[in-house]
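Student: Residue numbers (the numbering used here), protein chains in the order written: chain X, 573 to 1130; chain E, 573 to 1130. Virtual Cβ for every residue (Gly too), placed ideally from N, Cα, C. Small disclaimer: the values here were computed from a predicted structure and weren't measured. Got a structure for you, written out below as structure tokens; questions coming shortly.
Number of protein chains: 2
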Amino acid sequence: MKGDKMAKVILCNDWGHEQVDSIYYNGNFRTLDKSVPEAQAIAVKNGIIFKIGSNKDILNLANTHTAVIDLNNGYALPGFSDSHFHLVHYANTKRKVELSGARSLADIIDLCIKGLHKRQQENGWLLGCGWNQDYWHDAIFPSKGDLDKVSTEIPIAITRTCYHVTVVNSKALEILGLDKNIPILTNGIVCVDENGEANGILLESAQNIVSKYLGIPGLDKIKDMILDACMDVAAAGITSIHTDDFEAFSENTSDLIIQAYQELAREGKLPIRIYQQCMFKKPEYLKEFLMKGYKTGNEYGFYKIGPLKLLNDGSLGARTAFLSRPYRDAPNQRGVCLYSQDDLMQMIQIGHNGGMQIAIHCIGDAAIKMAIGCFEAVMIAHPRIDARHGIVHCQITDMSIIEKVKALNLLVYAQPIFMRYDREIILSRVGADLAATSYNWRAYTCRNVHLSGGSDCPVEKFDIMPNIYCAVTGKNPENNQDMAWHPENCLTLDEAVCAFTIEGAYASFQENERGTVSIGKYADIVVLNKDIYKVNEDQIKDIKVKMTIVNGSVKYRN
Amino acid sequence: MKGDKMAKVILCNDWGHEQVDSIYYNGNFRTLDKSVPEAQAIAVKNGIIFKIGSNKDILNLANTHTAVIDLNNGYALPGFSDSHFHLVHYANTKRKVELSGARSLADIIDLCIKGLHKRQQENGWLLGCGWNQDYWHDAIFPSKGDLDKVSTEIPIAITRTCYHVTVVNSKALEILGLDKNIPILTNGIVCVDENGEANGILLESAQNIVSKYLGIPGLDKIKDMILDACMDVAAAGITSIHTDDFEAFSENTSDLIIQAYQELAREGKLPIRIYQQCMFKKPEYLKEFLMKGYKTGNEYGFYKIGPLKLLNDGSLGARTAFLSRPYRDAPNQRGVCLYSQDDLMQMIQIGHNGGMQIAIHCIGDAAIKMAIGCFEAVMIAHPRIDARHGIVHCQITDMSIIEKVKALNLLVYAQPIFMRYDREIILSRVGADLAATSYNWRAYTCRNVHLSGGSDCPVEKFDIMPNIYCAVTGKNPENNQDMAWHPENCLTLDEAVCAFTIEGAYASFQENERGTVSIGKYADIVVLNKDIYKVNEDQIKDIKVKMTIVNGSVKYRN
């Protein structure tokens, strides 16, 4: 009846042409969005994808105000996500001698001497990081005597790749007063030799003696460190990280770290999205944090408060992972458990009831079982909608753990790249039976457990491709050799890509904002030089990042 | 090292036993949650599911404070969701003579006379609803003369099932002053006979003359009406509805309706969850609503503000659906379009920029194209994260519409039960070519478009099983006869069940809160007497609801 006045009805492209901010075209997009799995181009406004389609469809929207960027037939995926990172620790390592390449004690000494020659010092100390004794023949920790060969005048402290062990030289022991007094610590050990003297090996919280002495950088320095580190991360195609930083310097610098990130976010300087894993060791620090009004989900632009992060045990390499039975290669040890079950329960209760998502570092099976028990209890006592609690690492597992993780709907934060080293030690540490059901990532994905991928950088390098390669092939990316691990634990390629994209988004409650290339999501994109779905699987690790786009802007271009 | 103090590490059920509110056991749960697809029992606390498992696992949690409810081997699904409902209109119909069974004009007259005898009057009027002339032989609207056979003393008004046509008798015309003056309306028509006198037929907004005269019930009365209607809905296994009520009495009673729901929610009386579809016809009403601070997502317990609902055309039955070409059976008509494209664009812009999700009633293909054009324009001009705009009904479609709905990531709110009647008229209304690509629900699901299911109650009855039956079989639930519709448009059973559960939750941004039986979601459950996945498909429509559970409490039991 009134149809007449509607003569002009159109499938309309007629409004808003002048509004388009940017167009990325000539791409081979794998969107990971089932509704539009492949595309050539996207159009972006205000950081948000509003159209996906063919070059023709999208270029048709361009005008003189539009940035039109040619992807040169690059292969575009949703920007990568790393779900367990230590960004400030990584920034710290950039001030230190890099020791991850050392394959002997002699290498350590050599690299440190080279560092000295390059005057690579921080407050008068020579600092190193990344060593791993399991890569060299006799596989024993360095001690003060080894580092004294580098210098007896300059204090030296070198930290193991796992961050659970630091070794210092005699000069450092003297400066720290450990040559005279051996303190008894709650969660750490100053190791001694047969004479009762400090041998230079500092375990777990004993490492804080060094970091406390060295002091904490100021706010501006931390901001610079964060930005510098973020640029490295963006260059790896990573557009979002979950990062655990509060203990990067010594105990609880949460206020300073939060302030640094908040200021960078407010100033629009953060190139990637940050989801803060909030590590607190003591209930009073956590309570204070909650009293200030922080909780999971608080958002400050690119910076978002993430889960309470709890550290429940150590590392497998340092034999501080907490096992349900003695280490096969150290029959007097079961590892370190950093909480009693009651104390862990208390932390979880405070966090859970205070509105925090919770992610617990557990490597050993006993640590995992303890955390699962607490999660089950708190979820019975105070069920919460969609809490998304989870286990970080979740390495040494039996089938009962896997089934329980599924039954409790917990998240798993996996680091497939860890196998590169861990497969060297797992059999000797825990034995073949327990090893067979450990690092069992596929057991989670095939049960529809949400499994996200990460590097735990700086424990491992944060390049995504070697990590996906490990997850998918079970081979060592350094030499393409089969790691002789259980092939049934390998992820499918789709699962691995999802673990480093949409599952990272899910673990931060952002699956509707990012993690796929979709209309109405942020334009966070990585462009690769090869099609990960088509190359021979041995080539996956060598795929390079050509461009990183965050919120519609190019943050890295190679 | 400190492992000794951790001798007792358990997969723990030891805390919180006393905390369990209720257990539902002896069920055959189909959870729709891939991680735990089937189960026997669930445990609930504070309305939330915290454990799913076998009878043994779950009953083990019971104690003297736990309500332990035997489901008697009933078949449990996530509680049903109806994504397009008019709850207050339905409540209104309960005060009226039900005419949907009429199969002739004589039936109408007969049922009205019976209503008179039962003194079924409201403010001295006899009101009726639900008639549909297409069910009787000559398929013409009743007029005043027909209703005068019921009474010339008592005013009568009977509304068509589609709510786009009301017919009144001479007494009513007299009381309303329409016997003397025929007003010219913007969006409606007071129809006249060859003498220029009102014939009793009132189209679209002309119906408001009746409702305005009858006036609006008070707050307490509306609350009672809502509660009474909700109990009926809960008895159908429906635990959540999207409902469009603001125009249930006359133009814009939004304040009154919102107040009624808010009070019921605050008083804890709502038995089901309400997602308010907020219909506004004029920009000033919408602006006023936004100025008061309302927007999509505002939550008041069981009551949540949903999308801006816009009405863009009429109904196919009344030939008011807006088509791109003339009606085949009325070559002078293309239907009614309630907005110009500019006016519709204005409403959408205000809503979109004000933070509203938007759902637009469009039945005809021209109405749909107009809405799609506006959506595309507004999403280009002001892209928003995860807006979830959509088309309600989305009935008469060509393939370009379907592809565009997919490309713009719009939601579809479908009413499969509409086919029961519409397949009688579709060919004569629009012709075979357009009919072949209309009501094409599978075209959306197979493209991963989010499609949710509803009844548009009181346009159709809200029982879910006949609706699923129509969606899946393409048969008429009244007689099991094949509707001779396009079988390729039928949903799979899984898709249909999802349309009435998780997709309803998705369309209200609640997919992480409800829509599957999952840990950490609300315990909203329907228990059926048969397994929908195992019965012969002809039996689906006859499956009965045995129990409805909302937020962990039994709201209905048969």
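What span of residues does the beta strand (DSSP E) with E:Ala-986 cover, start to end?
Tutor: 983 to 986
Student: Measure the C-alpha to C-alpha separation of X:Leu-649 and X:Val-1117 and round it to an integer number of angstroms.
Tutor: Across the structure, X:Leu-649 and X:Val-1117 are spaced so that their CA atoms are roughly 11 Å apart.
Student: Can you grab the Cα-Cα spacing for the pair X:Thr-638 / E:Gly-889, in whole Å?
Tutor: 47 Å
Student: So that I know if they touch, is there some Cβ in chain E lying closer than 8 Å to that of X:Lys-628?
Tutor: no
Student: What residue range does the alpha helix (DSSP H) around X:Gly-1026 cover?
Tutor: Premise fails: X:Gly-1026 is in no alpha helix (DSSP H) and is neither H nor E.
Student: If you follow the alpha helix (DSSP H) that E:Phe-947 is part of, which residue opens it and which one closes it?
Tutor: 937 to 953
Student: Which parts of the stretch 652 to 737 of chain E are runs of the beta strand (DSSP E), unbroken and 3 residues or longer, counting only runs that do not cross its ends?
Tutor: 652 to 657, 697 to 703 and 728 to 732
Student: Output needed in chain order: residues of the stretch 643 to 669 of chain E with a Cβ under 7 Å from some Cβ in chain X.
Tutor: With the criterion set as a beta carbon lying under 7 Å from some beta carbon of chain X, the stretch 643 to 669 of chain E has no members that meet it.
Student: Verify whether the separation of the beta carbon atoms of E:Asn-635 and E:Val-592 is less than 8 Å.
Tutor: yes
Student: Do X:Val-1044 and X:Ala-1071 have their C-beta atoms closer together than 8 Å?
Tutor: no
Student: So with CB distances below 9 Å, who are the chain E contacts of X:Met-919?
Tutor: Result: empty, since nearest Cβ-Cβ is about 14 Å, beyond 9 Å.
Student: Determine the DSSP secondary structure at X:Asp-1114, reduced to helix, strand or coil.
Tutor: helix
Student: Could you tell me which residues DSSP puts in a beta bridge with X:Gly-962?
Tutor: According to the DSSP secondary-structure assignment, X:Gly-962 is paired through a beta bridge with X:Ala-931 and X:Leu-983.
Student: Ends of the alpha helix (DSSP H) at X:Pro-843?
Tutor: Per DSSP, X:Pro-843 belongs to no alpha helix (DSSP H) and is neither H nor E.
Student: Determine, for E:Ala-959, whether the minimum Cβ-Cβ distance to residues of chain X falls below 8 Å.
Tutor: For E:Ala-959, the answer is yes, since a Cβ of chain X falls inside 8 Å of its Cβ.
Student: Can you give, in chain order, each stretch of the alpha helix (DSSP H) that sits fully within the stretch 967 to 1020 of chain X and has at least 4 residues?
Tutor: 971 to 979, 991 to 1002, 1004 to 1008 and 1013 to 1017
Student: Are X:Thr-724 and X:Lys-743 touching if we call contact CB-CB under 8 Å?
Tutor: yes
Student: Could you tell me the distance, in whole angstroms, from the CA atom of E:Leu-842 to the CA atom of E:Ser-812?
Tutor: 11 Å
Student: On the DSSP letters alone, give me the boundaries of the beta strand (DSSP E) that E:Lys-743 sits inside.
Tutor: Where E:Lys-743 is concerned, there is no enclosing beta strand (DSSP E), although the alpha helix (DSSP H) it sits in stretches over 742 to 748.
Student: Can you look up X:Glu-819 in the DSSP assignment and give me helix, strand or coil?
Tutor: X:Glu-819 sits in coil when the DSSP states are folded into three classes, being neither helix nor strand.
Student: Which residues in the same chain as X:His-661 place their Cβ atom closer than 6 Å to its Cβ, once the five residues preceding and following it in sequence are excluded?
Tutor: Excluding five sequence positions before and after X:His-661, the CB atoms of its chain that fall closer than 6 Å to its own CB belong to Ala-820 and Pro-1030, given in chain order.
Student: Below 8 Å between beta carbons: does that hold for E:Val-805 and E:Leu-895?
Tutor: Not a contact, by the Cβ cut-off of 8 Å.
Student: Would you mind stating whether E:Gly-702 and E:Thr-665 have Cβ atoms separated by less than 8 Å?
Tutor: Yes. Within cutoff.
Student: Out of X:Asp-885, X:Lys-867 and X:Gly-873, point me to the one whose CA is closest to X:Pro-879's CA.
Tutor: The option with the nearest alpha carbon to X:Pro-879 is X:Lys-867.
Student: Are the C-beta atoms of E:Val-977 and some chain X residue less than 8 Å apart?
Tutor: Closer than 8 Å: no.
Student: Report all residues from its chain with a CB closer than 6 Å to the CB of E:Thr-1120; omit the five preceding and five following residues, and keep chain order.
Tutor: In chain order, Ala-806, Gly-809, Val-1098, Lys-1127 and Tyr-1128 place their CB closer than 6 Å to the CB of E:Thr-1120, counting only its own chain and leaving out the 5 sequence neighbours on each side.
Student: Counting C-beta neighbours from all protein chains within 10 Å, is the total for X:Leu-791 16 or more, i.e. buried, or is it exposed?
Tutor: exposed
Student: Among X:Gln-705, X:Asp-1028 and X:Cys-1018, which residue has its Cα nearest to the Cα of X:Arg-891?
Tutor: X:Gln-705
Student: Buried or exposed, going by whether 16 or more other CB atoms sit within 10 Å of the CB of X:Ile-1115?
Tutor: By the 10 Å Cβ count, X:Ile-1115 comes out buried.
Student: What residues from the stretch 1076 to 1101 of chain E come within 8 Å of chain X, judged by C-beta to C-beta, listed N to C?
Tutor: Answer in chain order: Asn-1084, Glu-1085, Ser-1090, Ile-1091, Gly-1092, Lys-1093 and Tyr-1094.
Student: Do X:Ile-681 and X:Asp-718 have their C-beta atoms within less than 8 Å of each other?
Tutor: yes
Student: With 8 Å as the threshold, decide whether the Cβ of E:Gly-588 is near any Cβ in chain X.
Tutor: With a pLDDT of only 45 at E:Gly-588, under 50, the local geometry of the prediction cannot be trusted, and no value is derived from it.
Student: Select from E:Met-942, E:Ala-938, E:Leu-659 and E:Ile-829 the residue whose C-alpha is nearest the C-alpha of E:Glu-1032.
Tutor: Of E:Met-942, E:Ala-938, E:Leu-659 and E:Ile-829, the residue nearest in Cα terms is E:Leu-659.
Student: What whole-angstrom Cβ distance do X:Asn-598 and X:Tyr-647 have, given they're in contact under 8 Å?
Tutor: 11 Å between Cβ atoms; not a contact.
Student: Mind checking E:Glu-776: buried by the 16 CB within 10 Å criterion, or exposed?
Tutor: Counting Cβ neighbours within 10 Å, E:Glu-776 comes out buried, since at least 16 surround it.
Student: Please list, in chain order, the chain X residues whose beta carbon lies closer than 8 Å to that of E:Ile-620.
Tutor: Pro-955, Arg-956 and Ile-957
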